[in-house]
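First to last, the protein sequences are chains F and G.
When we follow this note's numbering, the leftmost residue of the first sequence carries the number 5, and every step to the right adds one.
When we follow this note's numbering, the leftmost residue of the second sequence carries the number 18, and every step to the right adds one.
From the three backbone atoms N, C-alpha and C, an ideal C-beta is built for every residue, glycine too.
To start, the structure itself, in structure tokens.
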Amino acid sequence: MKVLATYSIKGGVGKTTSAVNLAYEAARTGARVLVWDLDPQGAATFFLRVKPRMKGGATRLVGRDGALDAHIRGTDFESINVVGADFSLRNLDVHLDDVKRPAQRLAELLAPLRDSYDVALLDCPPSISLASESVFGAADALLVPTIPTPLSVRTLVQLDNFLADWPRPPDVMPYVSMIDRRRKLQREVAAELRERWPALLATELPNASVVERMATTRAPVSVYADGTSASVAFAHLWSDIADRLWP
Amino acid sequence: MDTLPLIDRVIHRDLSVDTAIEALFRSGFELGERQSSQRTVLDTFDGRLHAAGMRLEHHSVGTRQELVLTAAGTIPARVITTAVPRWATDTPRGPFRARLAPVVEVRALLPLLTFTDTWQPAIGRDRTGKTIVTLMLHVAVGVVPWSIEVVRQPGHAAAAQRAVDLLLGLGFDPVPDDLASAVMSASGVAAHGHRDSPTVALSTVQPGWTGWRDVLLNLAESARANWRGTIDDIDTEFLHELRVALRRSRSILGQAHGVLPSSLREHFGDELRWLAGITGPTRDLDVYILEWDRYTAELTDPSRDALEPVLKHLRDHRRRAHAEFVAALRSDRASTLLDTWTAALTALAEPAADDAPKATDEIGHVVAARIRRTHQRLLDDARTIDADTAAERLHELRKDAKKLRYLVECFGSLIPTHTAKRFVKQMKGLQDNLGEHQDAEVHAAEIHVVAAELSDEHAARTTLVALGQLSQQLDATKARARGEFATRLADFDSKRTAKVMDSMLEALRVQ
Chain F
5 MKVLATYSIK
15 GGVGKTTSAV
25 NLAYEAARTG
35 ARVLVWDLDP
45 QGAATFFLRV
55 KPRMKGGATR
65 LVGRDGALDA
75 HIRGTDFESI
85 NVVGADFSLR
95 NLDVHLDDVK
105 RPAQRLAELL
115 APLRDSYDVA
125 LLDCPPSISL
135 ASESVFGAAD
145 ALLVPTIPTP
155 LSVRTLVQLD
165 NFLADWPRPP
175 DVMPYVSMID
185 RRRKLQREVA
195 AELRERWPAL
205 LATELPNASV
215 VERMATTRAP
225 VSVYADGTSA
235 SVAFAHLWSD
245 IADRLWP
Chain G
18 MDTLPLIDRV
28 IHRDLSVDTA
38 IEALFRSGFE
48 LGERQSSQRT
58 VLDTFDGRLH
68 AAGMRLEHHS
78 VGTRQELVLT
88 AAGTIPARVI
98 TTAVPRWATD
108 TPRGPFRARL
118 APVVEVRALL
128 PLLTFTDTWQ
138 PAIGRDRTGK
148 TIVTLMLHVA
158 VGVVPWSIEV
168 VRQPGHAAAA
178 QRAVDLLLGL
188 GFDPVPDDLA
198 SAVMSASGVA
208 AHGHRDSPTV
218 ALSTVQPGWT
228 GWRDVLLNLA
238 ESARANWRGT
248 IDDIDTEFLH
258 ELRVALRRSR
268 SILGQAHGVL
278 PSSLREHFGD
288 ELRWLAGITG
298 PTRDLDVYIL
308 EWDRYTAELT
318 DPSRDALEPV
328 LKHLRDHRRR
338 AHAEFVAALR
348 SDRASTLLDT
358 WTAALTALAE
368 PAADDAPKAT
378 DEIGHVVAAR
388 IRRTHQRLLD
398 DARTIDADTA
408 AERLHELRKD
418 AKKLRYLVEC
428 FGSLIPTHTA
438 KRFVKQMKGL
448 QDNLGEHQDA
458 EVHAAEIHVV
468 AAELSDEHAA
478 RTTLVALGQL
488 SQQLDATKAR
498 ARGEFATRLA
508 DFDSKRTAKV
518 MDSMLEALRV
528 Q
């Protein structure tokens with residue numbers, strides 16, 4: 005099982021829409037996918053039509069006897085399961101602080117599911133915290149959506165600096181997200197990103213209204229708008245990621 | 018995941034499909050479109066996917082084709098395809114292939130069964146419209162009655178239970194197997210494939226000649242099972258398994274002096290040696306091609322590219338060798354050999370005491386004596402090998418090691434399994450070392466043949482240079498294997514191995 009995390013220190017960059025759409029594209033290429041929503045807002049949970057309720061909340065989940073399998077739910081897509089989020093995850097840092105080896109806790113929870121899924125996709129809240137460190141300890145790769153704006157790029161640099169001191173850091177796979185090619189500044193920043201970050205994934209995700217419609221359709225873009233530029237971009241982005249994971 | 022009802026599939030021998038559909042509709046299920054799929058179950062000849070708890074199916078619905086990989090306790094994986102795959106590498110690169118390839122390895126995927134399944138989904142949803150249970154109505158399959166499968170949805174055990182209760186209330190009966198298994202069973206198709214095992218059930222006190230006969234009959238059956246696939250060249254493992262069966266047969270027959278009649282040993286010893294001999298060139302080239310990536314792994318990319326003509330030559334050689342080999346297999350001498358061999362073994366009566374004085378001795382004692390002697394001879398020979406010993410002696414030692422291993426494996430039912438396995442494991446390091454040396458020796462010789470051919474064809478200089486590098490790699494492999502021999506031998510020629518050997522001999526002599 006490859007553990008991936010859609011992660012960014014900055015909010016509103018397209019982490020959750022990426023997680024849900026990449027999960028769908030991964031399933032279309034033959035992967036058994038587990039989406040783990042770690043964001044207390046529970047948007048991925050909502051998009052995949054799962055009730056935002058965790059029995060025992062985050063306390064029980066990350067506690068000594070916690071296990072993920074009790075929280076797994078099916079979705080409308082037979083190759084995608086979800087561990088949904090609820091508001092109790094807002095205190096995930098506090099609960100992790102109470103357990104031994106908090107940076108390894110998420111990895112420990114995922115370990116028993118190693119043979120049940122090919123891909124675990126962790127949708128993370130925007131922050132850099134103890135929970136983020138636990139994500140770094142579990143993930144094979146961080147998928148970092150980056151809007152081509154100076155502020156967004158700055159958070160990518162911050163992440164890179166932070167991971168420089170991290171023992172066995174995950175691969176960082178940044179990609180251009182929500183680009184508006186009509187804007188000169190965004191085009192310039194995207195070009196600069198490509199030059200400066202050799203690991204940048206080739207596909208750019210467009211800023212498209214069809215992605216916003218996920219909130220009403222509660223489905224991945226390719227389900228209701230297959231063939232649109234956004235749908236094609238998500239498919240290509242997954243293909244870029246898969247090429248790195250299974251060369 | 019929460020525990021769901023064990024009932025996966027139910028049948029009703031009296032209720033019509035339409036009546037069931039009406040009942041499901043009244044219970045709030047949303048009925049989908051009825052469709053027909055052509056389903057083909059795929060596995061290797063030796064049932065590797067089945068043994069790994071996996072099932073691979075190719076589904077064709079109209080122009081849409083997909084591969085479905087299922088395993089107990091996990092959700093299915095599906096991927097679009099354009100054809101029925103023959104090799105794991107024919108499946109799309111990515112997670113699907115990554116899961117399949119380590120199980121299937123070099124074996125071909127063979128269609129076990131194809132059937133047409135006409136199905137219609139009935140979906141149960143919650144108030145938000147989310148799917149919480151799916152019933153698949155297999156309304157027409159042909160060889161089995163129509164049935165309903167309850168598709169498990171993690172986290173919705175109650176919905177699945179309600180669906181099951183509804184079906185049981187309508188008079189459906191649970192059946193233990195899934196649809197494809199039921200169709201295979203009804204069609205007489207075995208899902209487990211063919212597994213070659215050298216071990217047959219024996220008793221330590223049965224007469225030696227009957228034990229030898231039973232082992233040889235089992236090996237003849239293994240050879241027969243792989244004959245057709247070898248001729249048809251389905252995958253390289255058929256020839257490999259055929260060769261293994263023949264080598265084991267020759268080895269066990271060679272250890273049958275004093276147990277089986279001398280006329281039988283001599284005649285079939287010669288015939289099996291001839292048959293095994295004609296299988297050699299093709300297998301050597303198979304191994305070369307299979308090992309190609311490993312041999313060239315340390316070369317630079319340009320050197321590897323420059324060696325493409327060499328690989329092509331090897332493949333051409335292999336094609337020619339296989340064609341010649343198949344012609345020989347189709348000859349009267351080869352095609353009747355297994356039949357006459359099996360018939361001779363089946364008709365065998367108790368041998369005369371003057372020709373086979375050990376024939377009626379208890380097999381445990383006879384096997385113990387032969388294992389002990391073969392082991393001692395192997396050690397005596399191995400201890401005389403040093404850095405200057407000719408390569409042929411190492412090859413002879415490799416053959417002796419195989420003889421010992423075959424005795425342990427073929428008469429393995431007389432020895433406690435864990436003891437036999439421990440001994441074989443102790444031997445593995447030495448055998449791998451001798452095998453690596455011998456393969457590199459054979460392949461280096463083949464390189465000289467190919468180099469001469471390429472030179473005659475005025476091949477590119479880069480190719481000839483890369484060929485020289487490959488030759489150096491093979492020399493380095495041989496040198497490394499020679500260098501490691503003493504350590505591997507010391508591991509085998511140890512008190513630990515002697516202790517396992519004593520346990521084996523004791524078990525064989527127990528009455």
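Beta-bridge partners of residue i, as assigned by DSSP
i, result
"G/L59", "G/L73 and G/P128"
"G/P191", "G/V27"
"G/S164", "G/I28 and G/H155"
"G/V101", "Beta-bridge pairing links G/V101 to no other residue."
"G/G141", "G/V150"
"G/S53", "G/T135"
"F/D230", "Looking at the DSSP assignment, F/D230 forms no beta bridge with any residue, so it has no partner."
"F/T150", "F/V180"
"F/V41", "It is Asp, not Val, that sits at residue 41 of chain F in the sequence shown. According to DSSP, F/D41 bridges with F/D127."
"F/A4", "Absent from the structure is residue 4 of chain F, since the part of chain F shown begins at 5 and ends at 251."
"F/A331", "The requested residue 331 of chain F is not part of the displayed model; chain F covers only 5 to 251."
First and last residue of the uninterrupted beta strand (DSSP E) at residue i
i, result
"F/R200", "Taken as a continuous stretch (DSSP letters only), F/R200 belongs to no beta strand (DSSP E), being part of the alpha helix (DSSP H) at K188 to R200."
"F/K6", "K6 to T10"
"F/V86", "I84 to V87"
"F/W250", "Counting along the chain, F/W250 falls outside any beta strand (DSSP E), and DSSP gives it neither H nor E."
"F/D73", "Counting along the chain, F/D73 falls outside any beta strand (DSSP E), and DSSP gives it neither H nor E."
Buried versus exposed call for residue i [16 or more other C-beta atoms within 10 Å across all chains shown]
i, result
"G/Q528", "The pLDDT assigned to G/Q528 is 48, lower than 50, so where the model puts this residue is not dependable; a value taken from the coordinates is nonetheless given after this. Counting Cβ neighbours within 10 Å, G/Q528 comes out exposed, since fewer than 16 surround it."
"G/H274", "exposed"
"F/P251", "exposed"
"F/V24", "buried"
"F/W242", "buried"
"G/D318", "exposed"
"G/K419", "buried"
"G/T20", "Below a pLDDT of 50, predicted positions are generally treated as unreliable, and G/T20, at 37, falls in that range; no measurement from the model is reported."
"G/S352", "exposed"
"G/E341", "exposed"
"F/L205", "buried"
"F/A168", "exposed"
"F/P170", "For the record, residue 170 of chain F in the displayed sequence is Trp; it is not Pro. Exposed, since its Cβ has fewer than 16 Cβ neighbours within 10 Å."
"F/F238", "buried"
"G/V181", "buried"
Enclosing alpha helix (DSSP H) for residue i [first to last residue]
i, result
"G/N243", "G225 to D249"
"G/R390", "I380 to R400"
"G/A199", "L196 to A203"
"G/A461", "T434 to D473"
"G/G297", "S279 to L307"
"G/V261", "T253 to G271"
"G/A527", "As written in the sequence, residue 527 of chain G is Val, which differs from the Ala given in the question. Looking at the DSSP string, G/V527 is not in any alpha helix (DSSP H), and its letter there is neither H nor E."
Where residue i falls: helix, strand or coil (DSSP)
i, result
"F/M177", "strand"
"G/L48", "strand"
"F/W170", "coil"
"G/D19", "Residue placement at G/D19 cannot be trusted, given a pLDDT of 38 that sits under 50; what the coordinates show is reported in the next sentence. Coil."
"G/R81", "strand"
"G/L324", "coil"
"F/P130", "coil"
"F/Y53", "According to the sequence shown, residue 53 of chain F is Arg rather than Tyr. Reduced to three states, the DSSP call for F/R53 is coil."
"G/R337", "helix"
"G/R95", "strand"
"G/A89", "coil"
"F/V157", "helix"
"G/T479", "helix"
Partner residues on chain G for residue i, Cβ-Cβ distance less than 7 Å
i, result
"F/D80", "K147 and T148"
"F/R77", "P171 and G172"
"F/S235", "Ordered by position in chain G, no residue passes the 7 Å Cβ test against F/S235, which lies about 15 Å from the chain."
"F/W250", "R110, G111, P112 and A115"
Chain F contact residues for residue i, given Cβ-Cβ distances below 9 Å
i, result
"G/F113", "T33, G34, A35 and D122"
Per-residue contacts from residue i into chain G (C-beta, under 8 Å)
i, result
"F/R53", "T145, G146 and K147"
Partner residues on chain G for residue i, Cβ-Cβ distance less than 9 Å
i, result
"F/A246", "R110, G111 and P112"
Neighbour list for residue i in chain F, Cβ cutoff strictly below 8 Å
i, result
"G/V6", "No statement about residue 6 of chain G is possible, as the shown extent of chain G runs from 18 to 528 and does not include it."
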